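Chemist:
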Amino acid sequence: MNNLERISEALQKGEAEKITELVRLALTEQRSPEEILDNGLIEGMNIIGVKFKEHEIFLPEVLMAARAMYAGLDVLNPLLAQTGVKKIGKVVLGTVKGDLHDIGKNLVKMMLEGTGFEVFDLGVDVSADKFIAAVREHQPDIVAMSALLTTTMVFMSEVINSLQSADLRKKVKVIIGGAPVTQHYADQIGADCYSPDAATAAEDAKRLIKYS
Amino acid sequence: MLIIGEKINSTRERVRKMIEDRDSKSIQELASHQINAGAQVLDVNSSAANGNKEENMKWLVKTVQEVTSSPLCIDSANPLEIKKGIETYKEISGKALINSITGEKERIERLLPTIKKYQCRVVALTMDERGIPDSSQTRIDIAHKLIRVLTDSGILLSDIYIDPLVVPIGTNDKNGVIVLDTIRGIKEAFPEVKTVIGLSNISYGLPERRLLNCVFMVLAMSFGLDAAIIDPTDKRMMALIKTARTLLGQDSYCAEYIKAYREGKITFCSK
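Read top to bottom, the protein sequences are chains X and A.
Residue numbers are given in my numbering: position 59 of the first sequence equals residue 59, and the series is strictly consecutive.
Residue numbers are given in my numbering: position 139 of the second sequence equals residue 1139, and the series is strictly consecutive.
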């Protein structure tokens, strides 16, 4: 097993300290930060995503893996910035107005970052105005919205309408998700995509910006 | 322990359809079934059903009350639906509960007139504009504020049910203790005020969810929990609640425990 495989394995086990060590070690072996990211960290996160989707592993295990991923990113990020490696795309993400649920949103954030996106997380209870302001400021490729309540999912449609009136709708793809959300609802409100879980959301995001 | 039956909730696909189709027979069966299983109050939620939201709530309250005299817990995040529900509610054997008020200024302002007018029982969630606090102390502070607001409106301390908000243990391993400490803190400051929880959130994202739910229920009872919104047809849960009551000194001469045993309602293993 080489060190990149070890990084992927340690990430899946959620061993944050070991990841820091292994990433440093891989760097001394003259591996590029990008290679370590793609074939170590992202590789591991992809496996975690699939296993969670298949109910092979449980939520706390995903969060441990995420902590390990961020430990690795802490070492790599300054180097990635130096070498000017580009993120594959930008995403503005948030849970809609009136809704305070953040578990699903945070999982999506993690999977997107693990896949190589730059994510602007607006948090929970995000109004349409805040989404619009963030789109203006960050000019993302994708707007991703989460809602866990039947009473709040209607605000997804409000955000899409606001994007339209601000003449921004054609500049972004819209992904929605959350327990009460369905493909049918996505079609109804004119979202580009419904993602049933975090791993799928990351795959969908890549597909939407035509990155493979 | 007050058992509030959770099953008439429109976020369940089956129930949503029943409400949209005005299927009174199925709704009434669901009501009777829960009462027979030991529920003392029935939660009714129609928010997820399509159509006129207030009319849906009105129909649901009326339909359920045709088959039971037990009080209802009128459940919605929308103050207008709550108002319609409580207007429709007929007090037969006990005040209705409204579920719920929070520490959010807007929610308080919109619900308080209804609460004042009907002097009902109130479920109060320990959250506000800042969200659900990460510490039991902040949750207790919000509870104090809500207790003050409600008693100022004439609500009796014993008609206030504080819900300390159970969130998944899978996302923060202190989420169980925070709820338990909140229950204890409220009961210490206001012994007459009731505490209530909805359970199933605790086990989200983990395997063997019913085991976590059951054990957490017993723990919460030992910290002073007064009421729970649960599935009363879950026999194992109901047996545990009954047994915990007995062990906590709320069952004189263990009479209810023995009675439940004789009626075949409690067994430890179901084989």
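The C-beta atom is built at its ideal place from N, Cα and C for all residues, glycine as well.
Quick caveat: nothing in here was measured; it's all calculated off a predicted structure.
Taking VAL1149 (chain A) and GLY1198 (chain A) to be in contact with their CB atoms under 8 angstroms, please state how far apart those CB atoms are, rounded to whole angstroms.
Modeler: The Cβ separation is near 22 angstroms, so there is no contact.
Chemist: The alpha helix (DSSP H) spanning ASN1056 (chain A) covers which residue range?
Modeler: Where ASN1056 (chain A) is concerned, the enclosing alpha helix (DSSP H) stretches over 1053 to 1065.
Chemist: Quick one, which of A:ILE1160, A:ILE1074 and A:LYS1062 has its alpha-carbon nearest ILE1186 (chain A)'s?
Modeler: Nearest of A:ILE1160, A:ILE1074 and A:LYS1062 to ILE1186 (chain A), Cα basis: A:ILE1160.
Chemist: Could you tell me how far apart the beta carbons of ALA147 (chain X) and ASP99 (chain X) are, in whole angstroms, since I believe they sit closer than 8 angstroms?
Modeler: Their Cβ separation, rounded to whole angstroms, is 5 angstroms, which keeps ALA147 (chain X) and ASP99 (chain X) in contact under 8 angstroms.
Chemist: Put CYS1214 (chain A) into one of helix, strand or coil per three-state DSSP.
Modeler: Helix.
Chemist: What would DSSP say about ASP1043 (chain A), mapped onto helix, strand or coil?
Modeler: If DSSP states are grouped into helix, strand and coil, ASP1043 (chain A) belongs with the strands.
Chemist: Could you list the residues in the stretch 1032 to 1056 of chain A with a C-beta less than 7 angstroms from some C-beta on chain C, going in chain order?
Modeler: Any reference to chain C falls outside this structure, whose protein chains are X and A.
Chemist: Using a 10 Å radius around the Cβ and a threshold of 16 neighbouring Cβ atoms, would you call PRO1113 (chain A) buried or exposed?
Modeler: Looking at its Cβ environment, which holds fewer than 16 other Cβ atoms inside 10 Å, PRO1113 (chain A) is exposed.
Chemist: Can you list, in chain order, the stretches of the beta strand (DSSP E) that have 3 or more residues and sit fully within the stretch 1154 to 1203 of chain A?
Modeler: Runs found: 1160 to 1163 and 1194 to 1198.
Chemist: According to a CB-to-CB cut-off of less than 8 angstroms, which residues of the stretch 132 to 157 of chain X neighbour chain A?
Modeler: Result list: LEU149, THR150 and THR151.
Chemist: Are any of the Cβ atoms in chain A nearer than 9 angstroms to that of ASP125 (chain X)?
Modeler: So yes, ASP125 (chain X) belongs to the interface.
Chemist: Say the cut is 8 angstroms; is the CB of GLY114 (chain X) nearer than that to a heavy atom of the ligand COA?
Modeler: By its list of ligands, the structure shown contains no ligand whatsoever, and the ligand COA lies outside what it can speak to.
Chemist: Does VAL1218 (chain A) have its Cβ less than 9 angstroms from a Cβ in chain X?
Modeler: Not one chain X Cβ lies under 9 angstroms of VAL1218 (chain A).
Chemist: Between which two residues does the beta strand (DSSP E) carrying ILE1140 (chain A) extend?
Modeler: Per DSSP, ILE1140 (chain A) belongs to no beta strand (DSSP E); it is in the alpha helix (DSSP H), 1136 to 1152.
Chemist: Under 9 angstroms Cβ-Cβ, which residues of chain X neighbour LEU1206 (chain A)?
Modeler: Residues of chain X passing the Cβ test: PHE58, LEU59 and PRO60.
Chemist: From which residue to which residue does the beta strand (DSSP E) around LEU1125 (chain A) run?
Modeler: Per DSSP, LEU1125 (chain A) belongs to the beta strand (DSSP E) from 1121 to 1125.
Chemist: At a CB distance below 8 angstroms, what residues from the stretch 1003 to 1020 of chain A approach chain X? Give them in sequence order.
Modeler: Residues SER1010 and THR1011.
Chemist: Go through its chain and collect everything with a Cβ distance to LYS1271 (chain A)'s Cβ below 8 angstroms, but skip five positions before and after it.
Modeler: Its pLDDT being 47, under 50, LYS1271 (chain A) is placed unreliably by the model, and the measurement read from it follows with that caveat. Nothing listed; no residue qualifies.
Chemist: Would LYS1271 (chain A) count as contacting chain X if we go by Cβ distances under 9 angstroms?
Modeler: For LYS1271 (chain A), the pLDDT reaches just 47, beneath the cut-off of 50, and the residue's location in the model is therefore unreliable, although a value from the coordinates is still provided. Chain X, which has no Cβ nearer than 9 angstroms to the Cβ of LYS1271 (chain A), makes this no.
Chemist: Does GLY1128 (chain A) come out as helix, strand or coil in the three-state DSSP assignment?
Modeler: The amino acid occupying residue 1128 (chain A) in the given sequence is Asp; Gly does not appear at that position. Strand, per DSSP.
Chemist: Can you give me the Cβ contacts of PHE131 (chain X) inside the same chain, cut-off strictly under 8 angstroms, excluding the 5 residues immediately before and after it?
Modeler: Within the same chain, PHE131 (chain X) has close Cβ partners VAL92, GLY94, LEU122, VAL143, MET145, VAL159, SER162 and LEU163.
Chemist: Using 10 angstroms around the beta-carbon of GLU56 (chain X), count the other beta-carbons present and answer buried if the total reaches 16, otherwise exposed.
Modeler: The residue is exposed, with fewer than 16 neighbouring Cβ atoms inside 10 Å.
Chemist: Check whether the stretch 26 to 42 of chain X touches the stretch 73 to 83 of chain X, counting contact only when three or more Cβ pairs, one atom from each stretch, lie closer than 8 angstroms.
Modeler: Judged by Cβ distances under 8 angstroms, the stretch 26 to 42 of chain X makes contact with the stretch 73 to 83 of chain X, as three or more pairs qualify.
Chemist: Hey, quick one: how far does the beta strand (DSSP E) through GLY1005 (chain A) stretch, first residue to last?
Modeler: Residues 1002 to 1009.
Chemist: With 7 angstroms as the C-beta to C-beta threshold (strictly closer), list the residues of the stretch 84 to 104 of chain X near chain A in chain order.
Modeler: Those residues of the stretch 84 to 104 of chain X that come within reach of chain A (Cβ to Cβ, closer than 7 angstroms) are LEU100 and ILE103.
Chemist: Using three-state DSSP, classify PHE1268 (chain A) as helix, strand or coil.
Modeler: Correct three-state label for PHE1268 (chain A): coil.
Chemist: Going by C-alpha to C-alpha distance, which of A:ARG1121, A:LYS1083 and A:GLN1034 sits closest to ILE1162 (chain A)?
Modeler: Among A:ARG1121, A:LYS1083 and A:GLN1034, the Cα nearest to that of ILE1162 (chain A) is on A:ARG1121.
Chemist: Could you pull the DSSP bridge partners for ALA1227 (chain A) from this structure?
Modeler: ALA1227 (chain A) pairs with A:LEU1002 and A:VAL1196.
Chemist: Let's test the definition: count the other Cβ atoms within 10 Å of the Cβ of SER1252 (chain A) and tell me whether it reaches 16, buried, or not, exposed.
Modeler: Burial call: exposed.
Chemist: Cβ atoms of ALA198 (chain X) and GLY49 (chain X): under 9 angstroms apart, would you say?
Modeler: Their beta carbons are under 9 angstroms apart, which means GLY49 (chain X) touches ALA198 (chain X) by this criterion.
Chemist: Got a sec? Which residues, its chain only, sit under 6 angstroms from GLY1085 (chain A) by beta carbon, not counting five neighbours each side?
Modeler: For GLY1085 (chain A), where only same-chain residues beyond five positions count, the Cβ hits under 6 angstroms are MET1057, VAL1061 and ILE1074.
Chemist: List, in order along the chain, the chain X residues whose C-beta lies closer than 8 angstroms to that of ILE1132 (chain A)?
Modeler: Within 8 angstroms Cβ-Cβ: LEU100.
Chemist: How many angstroms separate the CA atom of LYS1090 (chain A) from the CA atom of VAL1044 (chain A)?
Modeler: When rounded, the distance between both Cα atoms is 14 angstroms.
Chemist: From the DSSP output, in three-state form, read off ASN3 (chain X) for me.
Modeler: Of the three classes helix, strand and coil, the one that applies to ASN3 (chain X) here is helix, per DSSP.
Chemist: Return the bridge partner residues of ASN1099 (chain A) from the DSSP annotation.
Modeler: Looking at the DSSP assignment, ASN1099 (chain A) forms a beta bridge with A:ASP1075 and A:VAL1123.
Chemist: Nearest-angstrom Cα distance between ALA134 (chain X) and ILE1082 (chain A)?
Modeler: Answer to the nearest angstrom: the Cα atoms are 35 angstroms apart.
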